[in-house]
Amino acid sequence: MQELVKRAKELLADGTVVRVLGWKQGDLGYNPEPAYFNSEEELKDFVYDGFCGANLSKYMIEACKMEGNTLVFLKPCDTYSFNQLIKEHRVKREKAYIIGVGCKGTLDIDKVKNAGIKGIESISQDGDTLKLKTIYGEKEFPFNDALLERCTVCKGKTHQVYDELIGAAEGEEAGPVGNRFEMVEKLEAMSPKERFEFWQGELSKCIRCNACRNACPACSCLKCVFDSNQFDTAQKANVDTFEEQMFHIIRAFHVAGRCTDCGECSRVCPQGIPLHLLNRKFIKDINEFYGEYQAGEDTDSRAPLTNYTFEDVEPGIVVERGQK
Amino acid sequence: MYKIEKSRLSELFAAIAAQEDLFLPIKKCDQANYGLWTEEAEVDLDTLKTVKSPKDCFFPQSETLYKCKNEDGKLAIDPAKLQDKPFVVFGMRACDVQAVKVLDNVFLNDPVDSYYAARREHGILVAMACHEPEETCFCKVFGIDAANPAADVATWMVGEDLYWKALTEKGEALTKLVENLLTDADEAAVEKEKKQIQAIIEKLPFSHLDLSVFENSELMELFDSPKWEEMYKPCLACGTCTFVCPTCQCYDIKDFNTGSGVQRYRCWDSCMYSDFTMMAHGNMRTSQMQRFRQRFMHKLKYYPDNNDGMYSCVGCGRCVSKCPASLNIVKVIKKMGGEA
Chain H
1 MQELVKRAKE LLADGTVVRV LGWKQGDLGY NPEPAYFNSE EELKDFVYDG FCGANLSKYM
61 IEACKMEGNT LVFLKPCDTY SFNQLIKEHR VKREKAYIIG VGCKGTLDID KVKNAGIKGI
121 ESISQDGDTL KLKTIYGEKE FPFNDALLER CTVCKGKTHQ VYDELIGAAE GEEAGPVGNR
181 FEMVEKLEAM SPKERFEFWQ GELSKCIRCN ACRNACPACS CLKCVFDSNQ FDTAQKANVD
241 TFEEQMFHII RAFHVAGRCT DCGECSRVCP QGIPLHLLNR KFIKDINEFY GEYQAGEDTD
301 SRAPLTNYTF EDVEPGIVVE RGQK
Chain Z
1 MYKIEKSRLS ELFAAIAAQE DLFLPIKKCD QANYGLWTEE AEVDLDTLKT VKSPKDCFFP
61 QSETLYKCKN EDGKLAIDPA KLQDKPFVVF GMRACDVQAV KVLDNVFLND PVDSYYAARR
121 EHGILVAMAC HEPEETCFCK VFGIDAANPA ADVATWMVGE DLYWKALTEK GEALTKLVEN
181 LLTDADEAAV EKEKKQIQAI IEKLPFSHLD LSVFENSELM ELFDSPKWEE MYKPCLACGT
241 CTFVCPTCQC YDIKDFNTGS GVQRYRCWDS CMYSDFTMMA HGNMRTSQMQ RFRQRFMHKL
301 KYYPDNNDGM YSCVGCGRCV SKCPASLNIV KVIKKMGGEA
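Line by line, the protein sequences are chains H and Z. Per my numbering, the first sequence runs over residues 1 to 324. Per my numbering, the second sequence runs over residues 1 to 340.
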């Protein structure tokens, strides 16, 4: 981490950038916040650890509109989002100085708390173990058990875009990773009734806070259709029990083919709804219909849903699948 | 003081529910939220804080106010039925009970909100002391005692028993209803539990936040502080903090076109949203900094100035654990109070 701060100070000092976008130390050991640092002095609060899950690519949409260039620290996973934003003309590459930082996985404090660890005062890491000081005594928790779901199916440690790398492990695979489509496959195997009940249960928890949308780097519309009071689509609450599903289904459709599977939607959901499963269903279908595709791997190719080839799947496939 | 074995709580719930609607924390798809008790429901009294507060029981996220229909060329208006039967909210924490008092000042003062007033009149609050307060809790800062919740009935979980004490007439009446399930108990175990809770609260990291800056500063001085500009930037402008908050009370009124009529409903609004306070002339808050400032100035300055010093934050800490960007009112209090 000291190396990151040192490099940030140098880049501020030599005028390459006028601000640094990173994470600032929180007050509970697990709640660092995304932050801009404008001076060497402010960087004293800089932190980078497993709780810096926030994908800063989203913040670059605003940062690119500011005067001068911004140094941004991106984890391998975050760089896919940045590339995708370049492709959609939402960020300007030349306004960003990207330091790709190594990532050992990002953590979900709720997994620790759900194991019954309460009153956490501070957290340190010792090898593969999290050491927690709590008001109820010292506790330990395996690092890997605290990983966010997205990190258990990590895309790999290679940065897709950067100006320089610090602590990176390009080309390395991230430990043993699971099959990210496992749960999608389970859902596909369910009967329509079971599947409906699964989503009804999950989505009925939705409180329409829009955290998923606002954290999502693919949700970059200047004005969301759900915020517009020009149409009947404006929503702050559900008028009936089906409406919350509409919001999420429409959002999933809108980011289909653009979603990099960064997992921010599920990370920020206050109700723990596995929203990433909707996106992964689209990703899986796109892979099957149009060939393997990973959004954010490049900045100039045509995406499957905005392209046409003779190999494209026939539209009738939808009908055939529905008859299964 | 009475008690009942924890293992017999489902009998207690069944007995209450046989007479009145019973709302309590229920775990569904891994999360605890207040819901209507049924025999199949997975009651969760161990989770300290439900995701959403029990605010919904009195001020639901969305409620129909009235329906309009065109009947033979005439407009027919069908107002929503007001709550007219008693109901019980079980397991409320001391902070959530105080939050209802915050809402009372808004909805029960002139002009009285009849929908809310009807629910308050018929609602019976059964609170539960916090056995193991967490690091995100800071109710003590607002003078709330998590060991002594001030509801119609207060309960404590000690060992294998739930202790029960009626504190108001409504509470006495509810106690009568379930008397045959309760046995007499002495207060010794509860007194010991209270001391333990209070000792834990002393040790919590946010228990000693200093609010004096909000009491001693002029409104405009706080409003014009350059610190808002420094604080708001990570805010994603989502409504998580406002929707998990037990005291946020702003709402919007909207019409739902049913095809054959109009359903006028109100739903929670959030000062974080871009169309909050949108009026015919436009919006007086045009930046996220202004919206961010509004939320905290309302909680910590405007409301107390208008309500004899009562803050409209109760320190439940839901926003502390749920903000996607890890911003929260604690960080604001610290920053405004001079801490770096």
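We put the CB at the ideal spot given by N, CA and C, even for glycine.
- Around the C-beta of H/Asn214, 16 or more other C-beta atoms lie within 10 Å, and the residue is accordingly described as buried.
- Chain-ordered, the chain Z residues with CB closer than 9 Å to the CB of H/Gly201 read Lys28 and Cys29.
- Along the segment 183-207 of chain Z, going in chain order, the ones with a CB nearer than 9 Å to a CB of chain H are Ile200, Lys203, Leu204, Pro205 and Phe206.
- Chain H has a Cβ within less than 8 Å of the Cβ of Z/Asn33.
- With respect to the C-alpha of H/Gln84, the residue from H/Val184, H/Cys216, H/Lys205 and H/Gly316 having the closest C-alpha is H/Cys216.
- Per the coordinates, the alpha-carbon of Z/Lys101 lies some 14 Å from the alpha-carbon of Z/Cys245.
- Remark: three or more beta-carbon pairs, one from each stretch, lie closer than 8 Å, so the segment 41-61 of chain Z and the segment 228-247 of chain Z are flagged as touching.
- In chain order, Cys271 and Ser312 place their CB closer than 8 Å to the CB of Z/His298, counting only its own chain and leaving out the 5 sequence neighbours on each side.
- When secondary structure is reduced to three states using DSSP, Z/Asp145 falls in the coil class, being assigned neither helix nor strand.
- Counting the other CB atoms within 10 Å of its CB gives Z/Asp72 a total below 16, which places it among the exposed residues.
- Z/Val153: member of the beta strand (DSSP E) spanning Val153 to Val158, first to last residue.
- Closest option to Z/Gly317, judged by alpha-carbon separation, among Z/Asp44, Z/Phe142 and Z/Lys69: Z/Phe142.
- Excluding its 5 nearest sequence neighbours in each direction, H/Lys92 has C-beta neighbours in its own chain below 6 Å: Cys64, listed in chain order.
- When C-beta distances to chain Z are compared with 9 Å, the residues of the segment 120-149 of chain H below that value are Ile120, Glu121, Thr134, Ile135 and Tyr136, in chain order.
- With respect to chain H, the C-beta atom of Z/Val158 has no partner C-beta closer than 8 Å.
- Taking a beta-carbon distance threshold of 8 Å, Z/Met128 does not count as an interface residue toward chain H.
- For the C-beta of Z/Glu20, not a single chain H residue is nearer than 7 Å; the gap to the nearest is close to 24 Å.
- Closest option to H/Ile286, judged by alpha-carbon separation, among H/Val268, H/Thr306 and H/Asp300: H/Thr306.
- Closest in alpha carbon position to H/Tyr136, among Z/Pro133, Z/Cys137 and Z/Phe138, is Z/Pro133.
- Rounded to whole angstroms, H/Val318 and H/Asp163 show a C-alpha spacing of 43 Å.
- At a cut-off of 8 Å between C-beta atoms, Z/Glu215 does not count as an interface residue with respect to chain H.
- Along the segment 243-277 of chain Z, going in chain order, the ones with a CB nearer than 8 Å to a CB of chain H are Phe243, Val244, Asp252, Lys254, Phe256, Asn257, Gln263, Tyr265, Cys267, Trp268, Asp269, Ser270, Tyr273, Ser274 and Asp275.
- Going by beta carbons, H/Ala13 and H/Lys24 fall outside the 8 Å limit.
- The segment 85-104 of chain H and the segment 53-68 of chain H touch, with no fewer than 3 CB-CB distances between them shorter than 8 Å.
- A direct Cα-Cα distance of roughly 9 Å separates Z/Val89 from Z/Leu36.
- Annotation note: the segment 210-264 of chain Z contains the following uninterrupted beta strand (DSSP E) runs of length 3 or greater, listed N- to C-terminal: 251-257.
- Within chain Z, Pro324 have C-beta atoms less than 7 Å from the C-beta of H/Val268, given in sequence order.
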